[in-house]
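Residue numbers (this note's numbering): 1 to 750.
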């Protein structure tokens, strides 16, 4: 008995020794090698082969990369693939013309566009050149000197422009100029839209100017907006990172928060050139984040209006008759939650419009009769239409949909074609995988990139008539990746919070995985309702670099719970006014994983995310402090009341109510028990840093220990050395506080 007891103690001691083994520089080096920038075209090749269709519809070109060479190919229809050009001759041309030394196997050029087998636009050192492959001549295209605040009419007779905030039109024939408006002034400005990322420098700096104006096809009218900034509120930033300044630079931009009424407003304006008549459509006045949109009809003086009401619960489509200033309602859609994923394609030659809508519970296609305003389903089923491609001449619609094929992963998409005859859609990609598609402009061919998170990419050319395989194009080369010990992430399916609905996840394990060990779990999260995170194709399973983090001794999981996009409307609506509960299915899934896999240690669960994922990460350790122990929350919208207006109003509702308060991380600061690192870019105009600072203030007031990192020069996405620095901080935060090991700082990224 004593011998057995001694053996048991020794085994336990050995087990503990193995599990607490120090993270080494070799672990970090292995992690670095698995970062996406160190993989793509270095250890993995041809993961995302894209086509360059000849503009004359005679063929296509593409690039094949392998460990030995980068080769440009072309395929002219009904012929066999061959090099697009002589690579040695191209290397000589680069040196003779530009004094650029390059190997024929690694030419520093990128394709921009290709007219035919002999003529193309290529990019060299960030400059575009026209090249003729028959005689290897290289010419810089003439630069455009068009005034950014003027636009010529389709018939070439008129030039519309803005001067001193007012509208003018000039005859391109006589040069005669006519002023159309005289009430424009600074802050009340015609045709000068406020861009999403337009930054104003200094106290009273000017904003960037550009023209927003649409000519009618017959050149008799144009449509624009009166942009009202007179009462609009700004958000502010301080740029502390300018090397030549010894004081911070003040930056500002017009951006409303949810519920604000002091916004930039767009009022639609229509101008008749011959008479100078102006119609101002006050009923369609809307905010600059979602202005009322227009598309000209081929009928003279007629224009289609797409008006989405604030709050995203009503969508209208109207046909406006400008000659008598009347309107005809073509379509109205309302929702008790929100109208997301709505789109319309107007096809006057068909007498129809194609509407993409979730009005019946799934994202489907509908035909709207433009004459009668009647609507009927074009597709019908429990699946999700991701995107459509319309071939007007052949009256064929191609669409990518996920979840249509029974028994398959609901996030994997396939390509279908459908006519207007009421027949069922025709499946064009039959194999059980995800298909990323590029349709040729003439609609006769498509490039099919087929893959899953466990199946590297295969790219082929197919006929768009029946999906027939016409030509193999490329196959991903992952030999070097597998030689590193890489294993494909595992798919995991369990039931969501309702006990019925399947939710999907993937699990990344370290390449030196030992099932006898216990591994801490890290949840990589982004539950923003407008998207989903399941890596449906091979490149997305690698590009997020979760495998790199796993190499440090973690199990990294990605979960799509209820409340996210890509499934039914009811699946997504779970998060409406309820985003504080978005992690409920994550905890359910992680617990289910641990029941199946003894090597998952859910007494040590961490989480990280960026933007809406950063909100998740912060929320996790504040709302569920006994489950999530360590969090890294980057560039997060910690309180949706401090966000840009449209996103929370879409998913948390408008007007603003108490649901915003209960979802706020800031109101939960006193709940913190574990470790929290909050980071933000100092000049992030997408998600203003104010909420991160406000959370820090709340944590200090609650006497909570936390960590904070501000990257002064960074916007919403971190780039270059700053992203490397943040990634190092993130990795080491988990190594120290979740793995309970000594982190290593001095390792090389490349």
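For glycine and all other residues, C-beta sits at the position ideal for the given N, C-alpha and C.
Would you decide whether residue 483 is buried or exposed? Buried here means 16 or more other CB atoms lie within 10 Å of its CB.
Result: exposed.
Could you tell me whether the segment 239-249 touches the segment 148-164, where touching means 3 or more Cβ pairs closer than 8 Å?
Short answer: they don't touch.
Enumerate in chain order the residues of its own chain whose CB-to-CB distance from residue 133 is below 6 Å, with the five nearest sequence positions on each side excluded.
Taken in chain order, the residues that qualify are 85 and 118.
Do three or more CB pairs link the segment 352-362 to the segment 325-344 at distances below 8 Å?
The segment 352-362 is in contact with the segment 325-344.
Measuring only the C-alpha atoms, how far is residue 250 from residue 637?
If you take the alpha carbons of residue 250 and residue 637, they lie about 22 Å apart.
Which first and last residues belong to the beta strand (DSSP E) in which residue 495 is found?
Looking at the DSSP string, the run of the beta strand (DSSP E) that includes residue 495 is 490-495.
Mind checking whether residue 180 and residue 271 have CB atoms under 8 Å apart?
It is a contact, given that the beta carbons lie within the stated cut-off.
Taking DSSP as the reference, what is the three-state secondary structure of residue 454?
Of the three classes helix, strand and coil, the one that applies to residue 454 here is coil, per DSSP.
Within a Cβ cutoff of 7 Å, which residues of the same chain sit near residue 515, ignoring the five residues on either side of it in sequence?
Cβ within range, chain order: 599.
So, for residue 449: in the same chain, excluding its five sequence neighbours on each side, which residues have a beta-carbon less than 6 Å away from its beta-carbon?
So the qualifying residues of the chain are 436, 457 and 459.
Three-state secondary structure (DSSP) at residue 661?
Residue state, collapsed to three classes: helix.
Mind checking residue 685: buried by the 16 CB within 10 Å criterion, or exposed?
By the neighbour-count rule (16 or more Cβ atoms within 10 Å), residue 685 is buried.
What does the Cβ neighbour count give for residue 412, buried or exposed, with the cut at 16 atoms within 10 Å?
Looking at its Cβ environment, which holds 16 or more other Cβ atoms inside 10 Å, residue 412 is buried.
In this structure, does DSSP put residue 214 in helix, strand or coil?
Strand, per DSSP.
Which same chain residues end up closer than 8 Å to residue 694 when comparing Cβ atoms and leaving out the 5 residues on each side of it in sequence?
The residues are 638, 639, 642 and 666.
To the nearest angstrom, report how far apart residue 624 and residue 235 are at their CA atoms.
Cα to Cα, the separation comes out at about 32 Å.
Leaving aside the five residues before and after residue 332 along the sequence, list all residues of the same chain whose C-beta is less than 6 Å from its C-beta, in chain order.
Excluding residues within five positions, the ones whose Cβ falls inside 6 Å are 316.
Report the start-end ranges of each alpha helix (DSSP H) in the segment 532-614 that is 4 residues or longer and not cut off at the edges.
Listed in chain order, the complete alpha helix (DSSP H) runs (minimum 4 residues) inside the segment 532-614 are 538-543, 546-550, 569-573 and 584-596.
Here's the rule: buried if 16 or more other CB atoms are within 10 angstroms of the residue's CB, otherwise exposed. What is residue 305?
It counts as buried.
Please state whether DSSP places residue 226 in a helix, a strand or coil.
Looking at residue 226 - three-state DSSP - the assignment turns out to be strand.
Would you kindly report the start and end of the unbroken alpha helix (DSSP H) that includes residue 733?
Looking at the DSSP string, the run of the alpha helix (DSSP H) that includes residue 733 is 720-737.
Using the DSSP secondary-structure output, state which residues sit across from residue 77 in a beta bridge.
According to DSSP, which records beta bridges pairwise, residue 77 is partnered with nothing at all.
For residue 602 versus residue 592, is the C-beta distance shorter than 8 Å?
The answer is no: Cβ separation not under 8 Å.
Can residue 441 and residue 62 be called in contact, C-beta distance under 8 Å?
In this structure, residue 62 does not lie closer than 8 Å to residue 441 by Cβ.
Leaving out five residues before and five after residue 282 in sequence, what residues of the same chain have Cβ atoms less than 7 Å from its Cβ?
267.
Determine, using beta carbons only, whether residue 46 and residue 64 come nearer to each other than 8 Å.
Their beta carbons are under 8 Å apart, which means residue 46 touches residue 64 by this criterion.
Can you tell me whether residue 107 is buried or exposed, with buried defined as 16 or more other CB within 10 angstroms of its CB?
Buried is the call here.
What residue ranges within the segment 256-318 form continuous beta strand (DSSP E) runs of no fewer than 3 residues, ordered along the chain?
As far as the segment 256-318 is concerned, its whole beta strand (DSSP E) runs of at least 3 residues are 265-272, 278-280, 293-296 and 302-308.
With C-beta atoms as the reference, is residue 75 less than 8 Å away from residue 81?
Yes.
On the criterion of 16 or more Cβ atoms from any shown chain inside 10 Å, does residue 307 qualify as buried, or is it exposed?
Label assigned to residue 307: buried.
Measuring only the C-alpha atoms, how far is residue 703 from residue 722?
Straight-line Cα distance between these residues: approximately 30 Å.
Let me make sure I understand the geometry here. Which of 580, 183 and 644 has the alpha-carbon closest to that of residue 691?
Closest option to residue 691, Cα to Cα, is 644.
Just tell me which of 476, 445 and 525 has its CA closest to the CA of residue 507.
When each option's Cα is compared against that of residue 507, the closest is 525.
Between the segment 489-506 and the segment 523-542, do at least 3 Cβ pairs fall closer than 8 Å?
With the cut-off at 8 Å, the segment 489-506 and the segment 523-542 touch.
Can you give me the Cβ contacts of residue 682 inside the same chain, cut-off strictly under 8 Å, excluding the 5 residues immediately before and after it?
Hits under 8 Å: 237, 238, 239, 240, 241, 689, 710, 711, 712, 713 and 714.
Where do the ends of the beta strand (DSSP E) carrying residue 526 lie?
Looking at the DSSP string, residue 526 is not in any beta strand (DSSP E), and its letter there is neither H nor E.
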